[in-house]
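Visitor: Handing you a structure now.
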Amino acid sequence: MTAPRSSPSNSENSKAARFRCCLDAILVDIGNTLVHEAPPNTPTHALQARLLPNVLQDLEWFRETLPIAAVTNTSVMTESDVRRALKGTGLNRLLDFIITSADVGVAKPDPLPLLVAIDRLTTADTRRILYIGDLPTDAAAAEAAGMPFAPAQPGLRQTVTQWHDVVHRSGHASDDR
Ligand SMILES: [Mg+2]
Ligand SMILES: [Zn+2]
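Quick note, our numbering runs 26 ahead of the 1-based positions in the sequence shown.
Listed below in structure tokens is the structure:
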């Protein structure tokens, strides 16, 4: 008779760890991905970030296992400007770094802002870093950078889960580890 074993836990399934078979990090757009996009021509000092639903909970959930950073197009704002605009949202402590097009000197769909972000991450494999954004220019930048892309839907956790389901259904994923 075998000794009683602890029942297999479902907790791994309920954690972002389940994405480790495909992902080492997540990059996110900011406007209309994490916060409501400000109307065009809003002066920088007047920007008031309002979070989209569940963003904080979902980012916290991912961060248990995956680093997260942001890549955003801005007309003039640098990382510190963006962080100032995000003050009070709770986002700043959840984003390892923010790459802005103003910092890099070129905007998405040019892949350079994403490539700079990929370079900053400790993980080497571009194909294991997912970019999430709301615009076709986000998708184009990700494709040009050679990384996977998921269109932002309401709920980032849902966005990544659906992307991950499709990857596994299409059989392109590496074996589960
Ligand atoms: Mg956006
Ligand atoms: Zn996977």
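We treat Cβ as the ideally placed atom computed from N, Cα and C, and that holds for glycine.
Give the straight-line distance between the Cα atoms of Arg46 and Arg154, rounded to the nearest whole angstrom.
Guide: The residue you call residue 46 lines up with position 20 of the sequence shown. The residue you call residue 154 lines up with position 128 of the sequence shown. Cα-Cα distance, rounded: 9 Å.
Visitor: Ligand 1 and Gly181: does the residue's C-beta get closer than 7 Å to at least one heavy atom of that ligand?
Guide: Taking the first residue of the sequence shown as 1, we reach residue 181 at position 155. It does not: the Cβ of Gly181 is nowhere closer than 7 Å to a heavy atom of ligand 1.
Visitor: Need the endpoints of the alpha helix (DSSP H) that Thr187 sits in, please.
Guide: Here residue 187 corresponds to residue number 161 of the sequence shown, with the count starting at 1. Where Thr187 is concerned, the enclosing alpha helix (DSSP H) stretches over Leu182 to Arg195.
Visitor: Can you list, in chain order, the residues of its chain whose CB lies under 8 Å from that of Trp189, leaving out five sequence neighbours each side?
Guide: The residue given as residue 189 occupies position 163 in the sequence shown. The answer, listed in chain order, is Leu156, Pro174 and Ala176.
Visitor: Classify Gly159: buried if its beta carbon has 16 or more other beta carbons within 10 angstroms, exposed otherwise.
Guide: Numbered from 1 along the sequence shown, position 133 holds the residue referred to as residue 159. Buried is the call here.
Visitor: First and last residue of the alpha helix (DSSP H) that includes Phe45?
Guide: Against the sequence shown, residue 45 aligns to sequence position 19. Looking at the DSSP string, Phe45 is not in any alpha helix (DSSP H), and its letter there is neither H nor E.
Visitor: Going by DSSP, which residues form a beta bridge with Leu156?
Guide: Counted from its first residue, the sequence shown places residue 156 at position 130. The partner list for Leu156 (beta bridge, DSSP) reads Ile52.
Visitor: State the Cα-Cα distance for the pair Thr152 and Asp136, rounded to the nearest angstrom.
Guide: To locate residue 152, count along the sequence shown from 1; it is residue 126. To locate residue 136, count along the sequence shown from 1; it is residue 110. Approximately 16 Å between the Cα atoms of the pair.
Visitor: Report the rounded CA-to-CA distance for Gln184 versus Phe88, giving the unit in angstroms.
Guide: What you label residue 184 is simply residue 158 of the sequence shown in a count that begins at 1. What you label residue 88 is simply residue 62 of the sequence shown in a count that begins at 1. In a straight line, the C-alpha of Gln184 is about 12 Å away from that of Phe88.
Visitor: Let me confirm a value: Val132 is counted as buried when at least 16 other C-beta atoms fall within 10 Å, else exposed. Which label applies?
Guide: Taking the first residue of the sequence shown as 1, we reach residue 132 at position 106. Val132 comes out exposed.
Visitor: If you draw a straight line from the alpha carbon of Ala43 to that of Thr91, how long is it in whole angstroms?
Guide: Sequence index remark: in the sequence shown, residue 43 carries index 17 (1-based). Sequence index remark: in the sequence shown, residue 91 carries index 65 (1-based). C-alpha separation (whole angstroms): 6 Å.
Visitor: Rounded to the nearest angstrom, how far is the Cβ of Ala128 from that of Pro93, given a contact under 8 Å?
Guide: Within the sequence shown, numbered from 1, the residue matching residue 128 stands at position 102. Within the sequence shown, numbered from 1, the residue matching residue 93 stands at position 67. So it is not a contact: roughly 23 Å between Cβ atoms.
Visitor: Ordered along the chain, which non-local residues of its own chain (more than five positions away) have a Cβ less than 6 Å from that of Pro30?
Guide: Working through the sequence shown from its first residue, we reach residue 30 at position 4. With a pLDDT of 47 at Pro30, under the threshold of 50, the predicted position of this residue should be treated as unreliable, though the coordinate-derived value follows. So the list is empty, once near-sequence residues are dropped.
Visitor: By alpha-carbon positions, which one of Lys41, Leu49 and Leu53 ends up nearest to Ile124?
Guide: In the sequence shown, counting from the first residue as 1, residue 124 sits at position 98. The shortest C-alpha separation from Ile124 is found at Leu53.
Visitor: Taking C-beta to C-beta, are Ala168 and Leu147 nearer than 8 Å?
Guide: Position 142 of the sequence shown, counted from the first residue, corresponds to residue 168. Position 121 of the sequence shown, counted from the first residue, corresponds to residue 147. In this structure, Leu147 does not lie closer than 8 Å to Ala168 by Cβ.
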